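Worksheet: the structure to be examined is printed underneath.
4 protein chains.
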Amino acid sequence: MEPTGKTRWVIAEGYIPSGGIQGDRALESHETFCILNTGPEDARISITLFFADRGPVGPYTVTVPAERTMHLRANDLEDPEPVPRDTDYATVLESNVPVVVQHTRLDSRPESFALLSTVAYPAV
Amino acid sequence: MEPTGKTRWVIAEGYIPSGGIQGDRALESHETFCILNTGPEDARISITLFFADRGPVGPYTVTVPAERTMHLRANDLEDPEPVPRDTDYATVLESNVPVVVQHTRLDSRPESFALLSTVAYPAV
Amino acid sequence: MEPTGKTRWVIAEGYIPSGGIQGDRALESHETFCILNTGPEDARISITLFFADRGPVGPYTVTVPAERTMHLRANDLEDPEPVPRDTDYATVLESNVPVVVQHTRLDSRPESFALLSTVAYPAV
Amino acid sequence: MEPTGKTRWVIAEGYIPSGGIQGDRALESHETFCILNTGPEDARISITLFFADRGPVGPYTVTVPAERTMHLRANDLEDPEPVPRDTDYATVLESNVPVVVQHTRLDSRPESFALLSTVAYPAV
Numbered sequence: 001m002e003p004t005g006k007t008r009w010v011i012a013e014g015y016i017p018s019g020g021i022q023g024d025r026a027l028e029s030h031e032t033f034c035i036l037n038t039g040p041e042d043a044r045i046s047i048t049l050f051f052a053d054r055g056p057v058g059p060y061t062v063t064v065p066a067e068r069t070m071h072l073r074a075n076d077l078e079d080p081e082p083v084p085r086d087t088d089y090a091t092v093l094e095s096n097v098p099v100v101v102q103h104t105r106l107d108s109r110p111e112s113f114a115l116l117s118t119v120a121y122p123a124v
Numbered sequence: 001m002e003p004t005g006k007t008r009w010v011i012a013e014g015y016i017p018s019g020g021i022q023g024d025r026a027l028e029s030h031e032t033f034c035i036l037n038t039g040p041e042d043a044r045i046s047i048t049l050f051f052a053d054r055g056p057v058g059p060y061t062v063t064v065p066a067e068r069t070m071h072l073r074a075n076d077l078e079d080p081e082p083v084p085r086d087t088d089y090a091t092v093l094e095s096n097v098p099v100v101v102q103h104t105r106l107d108s109r110p111e112s113f114a115l116l117s118t119v120a121y122p123a124v
Numbered sequence: 001m002e003p004t005g006k007t008r009w010v011i012a013e014g015y016i017p018s019g020g021i022q023g024d025r026a027l028e029s030h031e032t033f034c035i036l037n038t039g040p041e042d043a044r045i046s047i048t049l050f051f052a053d054r055g056p057v058g059p060y061t062v063t064v065p066a067e068r069t070m071h072l073r074a075n076d077l078e079d080p081e082p083v084p085r086d087t088d089y090a091t092v093l094e095s096n097v098p099v100v101v102q103h104t105r106l107d108s109r110p111e112s113f114a115l116l117s118t119v120a121y122p123a124v
Numbered sequence: 001m002e003p004t005g006k007t008r009w010v011i012a013e014g015y016i017p018s019g020g021i022q023g024d025r026a027l028e029s030h031e032t033f034c035i036l037n038t039g040p041e042d043a044r045i046s047i048t049l050f051f052a053d054r055g056p057v058g059p060y061t062v063t064v065p066a067e068r069t070m071h072l073r074a075n076d077l078e079d080p081e082p083v084p085r086d087t088d089y090a091t092v093l094e095s096n097v098p099v100v101v102q103h104t105r106l107d108s109r110p111e112s113f114a115l116l117s118t119v120a121y122p123a124v
C-alpha cells in the first residue's frame, strides 16, 4: 500500500502510574504508542520525551517494518533511560516516512481501572 | 445531504480482548468501526488489517447505503479471515465516496471494564 | 472573542444505553454534544441523526448564544422525535457561524461504568 | 527542537465533578490541560473559560518554558476565580508561540471511576 500519514506526531499527555496489577502484562498500567506504517519502506522512528522540570530526553529509536504496525509500550523504553513512573511527560515521534500514530493508556490502579486513547496531533 | 468526510481513514490502535462478558452481545469485549455516509450514493468500503509480524490481510468489504450509518464490529469480520483476539493490529478503511469513521472499543474483562473512542485519522 | 471552529461537525459514533443509574441526572447513561460559540453572534445549530436501517431524522434545532457553551444531551432531544435507546446512530451538526463540537458518552450500566470523549470531525 | 503545533486550542467539553476520592491528589476528580512547548522560546498561555449562562472568565495566564511540558489542572486555577465544580464549561487556550494541547479528565466519583482524553481542536 502507499505511505499514509505524517512524519511528526505529538502527544502532550503522558503519565505511567506505578500502581496497578502486577505480573500480567496485558493488564499492568501502561502507555502505548500505536504506530502504523502502510508503505513499502521501513520507518525509522525517533522519539523524544519532554518533562516539566528538565530538558528533553532522547532520541529513543525503533524501526517499524514496511506494511506493519508496532504497538510500542512506553514502559519498555530503556535507552537512553527508562520513562519515570508517576511523572508528567509528553512525546514527539518523528519518522523518515509517513506513519500514523495513536496513543493509549491502560490504568489498572485498583481505584481507577480505565482506558483512554486518542489520535496523536499530526504536526507535519 | 451532500457527501461528508474523506475516502481513507486509519486506526493505528486495534486489539480485541478474548476475555470479558460472554453471551450478551452489548457487553462482550468488542471493537467497532462507526462509519457514516451522509451522501446520496452507497459507499463501498474496503478494509485492510495490518499486524506486527505478518503481511496485511484483506480486503474485507462492506457497503454502507446512502444516508445511513453502519457500526461494524471487527469481531464480526469473517472473510477473508476472522480478526485474531489478543493481538495487536491496525486498520485502513478506504471508500469510493467520502465518509466519516470513528473507532470504539468496549473492554469487558472483569478487571478492566472500560470504553475508548476516537475519530480515526483522515488521510485523504 | 472572534468566531472559532467550523460550521459542520460529524460524530459517527452514537449509542445511548437504556440501562444504568436512574434518578440522578449526573450519572444516568447519556451522550452529550458539547458546543462552544466563541463569537459575537448567536449560533443557530441544526442537528440531523442518521440510522442503520431508516432515513435521516431532523432537523433538531438549538441556539447557542454568543460567547456561551451548551452541553446538549442527546437524551433530551424531543422534536421531531426522541433519540431511540440501545440503537446505533450518527450525528451531523451544522451551524450558521463557526463553532467547536466535542462528543461525550457516560455509560452507567452497572457492568460498564465508563466515559468516552472525542472532538468531532470538522468537515467544513 | 523547532516549535510545533498551533497558537489557539479549543476544548468544548469541561466539567469537574465535586465528588470523588479526597486527600490523594493523583486520584481526586480533576481535569488537566496538557501543554507541550517543543520550541526554544517560552510560551505565554492565556486561558479563557466559557459558560452556559454567563460571560467568559479570564484570562488565566501561565508560562510553559522552552522545551518543557506543563500538565495544568483546571482544579488549580485561582486567578481571576476558581473553576466552579459540577458546572459545564469550555476552554480556549491561546499562545504566543506554537504549542500542542491535550485534555484529560479523571472522574473518581465512586460510581463512575473513569478517564477520558482527547487532543484539543487546533483552531489557528
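Residue numbers (this note's numbering), protein chains in the order written: chain F, 1 to 124; chain P, 1 to 124; chain E, 1 to 124; chain A, 1 to 124.
Ideal placement from N, C-alpha and C gives every residue a C-beta, glycine not left out.
All values derive from a computational prediction rather than experimental measurement.
Closer than 6 Å by C-beta to residue i: which residues in its own chain qualify, once you throw out the five before and the five after it? Chain order, please.
| i | result |
| --- | --- |
| E:Asp-42 | Thr-63, Pro-65 and Ala-66 |
| P:Ala-52 | Asp-88 |
| P:Met-1 | Thr-38 |
| E:Gln-60 | What sits at residue 60 of chain E in the sequence shown is Tyr, not Gln. The answer, listed in chain order, is Ile-47 and Leu-77. |
| E:Leu-116 | Arg-105 |
| A:Ser-95 | Thr-7, Ala-43 and Ile-45 |
| E:Pro-40 | Ala-66 |
| P:Asp-86 | Ser-18 |
| E:Pro-56 | Thr-48 and Phe-50 |
| A:Gln-102 | Cys-34 and Val-119 |
| P:Gly-23 | none |
According to DSSP, what are the bridge partners of residue i?
| i | result |
| --- | --- |
| A:Tyr-89 | A:Phe-51 |
| F:Pro-122 | F:Trp-9 |
| F:Ser-18 | F:Ser-18 pairs with nothing; no bridge assigned. |
| A:Glu-94 | A:Arg-8 and A:Ser-46 |
| P:Asn-75 | Beta-bridge pairing links P:Asn-75 to no other residue. |
| F:Glu-31 | F:Arg-105 |
| A:Thr-63 | A:Arg-44 |
| A:Val-57 | A:Leu-49 |
| P:Val-83 | DSSP output for P:Val-83 lists no bridge partner at all. |
| A:Arg-68 | A:Asn-37 |
Enumerate in chain order the residues of its own chain whose CB-to-CB distance from residue i is below 7 Å, with the five nearest sequence positions on each side excluded.
| i | result |
| --- | --- |
| F:Ser-108 | Gly-20, Ile-21, Leu-27, Glu-28 and Ser-29 |
| E:Pro-3 | Thr-38, Gly-39, Val-97 and Pro-98 |
| F:Arg-54 | none |
Taking Cβ positions, are residue i and residue j nearer each other than 8 Å?
| i | j | result |
| --- | --- | --- |
| E:Trp-9 | E:Ala-123 | yes |
| F:Ala-12 | A:Val-97 | no |
| P:Gly-14 | E:Tyr-121 | no |
| P:Leu-72 | P:Thr-118 | no |
| P:Leu-36 | P:Thr-7 | no |
| F:Val-92 | F:Ile-16 | no |
Using a Cβ-Cβ cutoff of less than 8 Å, which residues in the same chain neighbour residue i once the five nearest sequence positions on both sides are dropped?
| i | result |
| --- | --- |
| P:Gly-58 | Ser-46, Ile-47, Thr-48, Leu-49 and Pro-80 |
| F:Ala-74 | Gly-14, Ile-16, His-30, Glu-31, Thr-32, Phe-33, Val-83 and Thr-91 |
| E:Arg-25 | none |
Checklist entry - Using a beta-carbon distance cut-off of less than 8 Å, what residues from the region 24–38 of chain E approach chain P? => result Those residues of the region 24–38 of chain E that come within reach of chain P (Cβ to Cβ, closer than 8 Å) do not exist; the list is empty.
Next on the checklist: Along the region 44–60 of chain E, where does the CB come closer than 8 Å to a CB of chain P? Name the residues.
Outcome noted: So the list reads Thr-48, Phe-50, Phe-51, Ala-52, Asp-53, Gly-55 and Pro-56, given in the order they occur along the chain.
Checklist entry - Which residues, in order along the region 82–103 of chain A, keep a beta-carbon less than 7 Å from a beta-carbon of chain F? => result Going along the region 82–103 of chain A in chain order, one finds Val-100, Val-101 and Gln-102 with a Cβ nearer than 7 Å to chain F.
Next on the checklist: Under 9 Å, CB to CB, which of the residues in the region 5–20 of chain F have a partner in chain P?
Outcome noted: Taking 9 Å as the Cβ-Cβ cut-off against chain P, the residues of the region 5–20 of chain F that qualify are Gly-5 and Lys-6.
Checklist entry - Any residues in the region 60–80 of chain P with a beta carbon nearer than 8 Å to a beta carbon of chain E? Which ones, in chain order? => result Cβ contacts with chain E come from Glu-67, Arg-68, Thr-69, Met-70 and His-71.
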